[in-house]
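In what follows, a single structure is set out as structure tokens and then discussed.
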Amino acid sequence: AAEKLVQISGLGKAFFCNSGAEANEAAIKLARKYFYRRQESHKNHIIVFKESFHGRTLATVTATGQSKYQEGFAPLPEGFVYAEYNNLDSVKKMVTKNTCAIMLEPVQGEGGIHPADMDFLRGLRELCNKEELLLIFDEVQCGMGRTGKFFAFQSYGIKPDIVTMAKSLGGGIPIGAMLASIEVAGGFAPGDHASTFGGNPLATAAACKVIDLISDPDFLKQVEESGRYLQECLSQITDERIVGIRGRGLMVGMEFNIDVKELIGLCMEQGLLLLNAGPRVLRFVPPLNISKNEINQGVAILKEALREL
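Okay, so the sequence shown: first residue is 1 according to the numbering used here, each after it adds one.
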């Protein structure tokens with residue numbers, strides 16, 4: 001499984017754990033340890049983003065740029081600052097001599113399905129190169145073929161120093177992974193970080209099968225086509241409460257000018273399961289092998305629910 005992920009990502013080493021939060025926790029620790037080993041222990045601050053989501057452990061919930069997830073867990077760990085997503089100037093202003101990394105989702109999930117702009121992501125890569133910072137991509141939700149590429153970052157023609165993944169990696173079996181370049185992975189010496197069940201035979205065997213399936217070019221092409229079709233169908237719904245539609249592949253958000261909670265309930269009553277991504281955004285993250293017929297059925301239910309609302 002490690003060899004497959006390293007080959008697809010173009011990175012050098014893999015660390016396995018059990019969840020997305022654990023993968024992101026490992027990435028945060030690695031970024032700090034890397035500079036510590038370079039005798040630059042003052043470089044331990046990480047720039048993260050408003051409306052982001054990185055997990056529920058103490059460090060990852062602090063990296064999450066949404067106060068509702070942090071409430072009641074103070075004191076939170078130090079060393080995180082929050083920039084504006086898709087705003088390169090906002091990030092540049094936050095870089096100091098203490099900054100070690102920039103961490104973000106190439107497509108923000110919980111924050112409302114916001115894909116990163118091409119110029120923004122490429123600008124971050126250039127900024128990290130110039131300032132000697134690590135670029136960390138959290139692909140726990142947007143990776144594994146979700147956007148029509150195996151990794152979401154592959155749409156942007158750049159490569160991070162660290163990438164994290166989980167969710168569908170095990171096809172239902174708990175597994176998370178952190179991938180890093182050979183040089184950056186060297187920040188961890190034996191004993192610096194570990195996971196009792198990370199990389200266990202069952203989870204990695206499951207991951208191998210999932211990776212083989214999702215990395216198939218024909219499968220990824222189908223995801224792209226299905227994503228386009230879904231957005232086309234959604235864009236044909238005429239309702240003055242709809243503000244806009246955005247996304248990549250089969251990760252789509254539909255923004256409304258009303259709270260979508262009641263709409264989600266109406267859809268569920270008719271057999272369509274949807275989640276929100278923030279109070280006013282419907283999130284569409286269907287199975288990657290969804291058919292056009294199933295998309296049609298789902299959109300029909302949504303239309304009916306909107307009529308009832």
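Cβ coordinates follow ideal geometry from the N, Cα and C atoms, glycine included.
Determine, using beta carbons only, whether VAL91 and LEU127 come nearer to each other than 9 Å. yes
Would you mind reading off the limits of the alpha helix (DSSP H) that contains LEU202? 201-214
Look up VAL107 in the DSSP assignment and give the residues it is bridged to. PRO115
Which runs of the beta strand (DSSP E) spanning at least 3 residues fall entirely within the stretch 118-184, listed in chain order? 134-138, 162-165, 176-180
CB ILE173 to CB LEU5, shorter than 9 Å? no
Tell me whether LEU76 is buried or exposed, calling it buried when 16 or more other Cβ atoms sit within 10 Å of its Cβ. exposed
Do three or more CB pairs link the stretch 191-201 to the stretch 218-235 at distances below 8 Å? no
So GLU110 and TYR85 are in contact, right, with Cβ under 8 Å, and what is the actual spacing, rounded? Wrong, their Cβ atoms sit about 12 Å apart, outside the cutoff.
With respect to the beta strand (DSSP E) encompassing PHE16, which residues constitute its N-terminal and C-terminal limits? 13-17
Meets three-Cβ-pair contact criterion under 8 Å: the stretch 249-262 and the stretch 274-287: yes
According to DSSP, residues forming a beta bridge with GLU255: GLY244, VAL281
Just to confirm before moving on: does the CB-CB distance between GLY55 and ALA83 stay below 9 Å? no
Euclidean distance between Cα positions of ILE46 and LEU309: 43 Å
What residue from GLN70, LYS209, THR238, VAL223 has the CA that sits closest to LYS292's CA? VAL223
Assuming contact is defined by CB atoms lying nearer than 9 Å, are LEU135 and ILE102 in contact in what I supplied? yes
Does the distance from the CB of GLY253 to the CB of GLY112 come in under 9 Å? yes
Using DSSP with H/G/I as helix, E/B as strand and the rest coil, what is LYS97? coil
Nearest CA to the CA of ASP161: which residue from LEU266, ILE214, ILE237, GLU139? GLU139
Count the other CB atoms, across all protein chains shown, that sit within 10 Å of the CB of GLY187; report buried if there are 16 or more and exposed otherwise. buried
Indicate whether ASP239 and LEU306 have their beta-carbon atoms separated by less than 9 Å. yes
Curious, which full-length beta strand (DSSP E) runs of at least 3 residues does the stretch 29-109 contain? 45-49, 80-83, 99-104
CB-CB length for ALA166 against GLY176, believed under 8 Å: 4 Å
Return the Cβ separation of ARG246 and HIS114 in integer angstroms, given the expectation that the two are a contact with Cβ distance under 8 Å. 7 Å
Enumerate in chain order the residues of its own chain whose CB-to-CB distance from GLN39 is below 7 Å, with the five nearest sequence positions on each side excluded. none
Can the beta-carbon of GLU25 be found closer than 9 Å to that of THR60? yes
Can you say whether ASN18 is buried or exposed, counting buried as having 16 or more other CB atoms within 10 angstroms of its CB? buried
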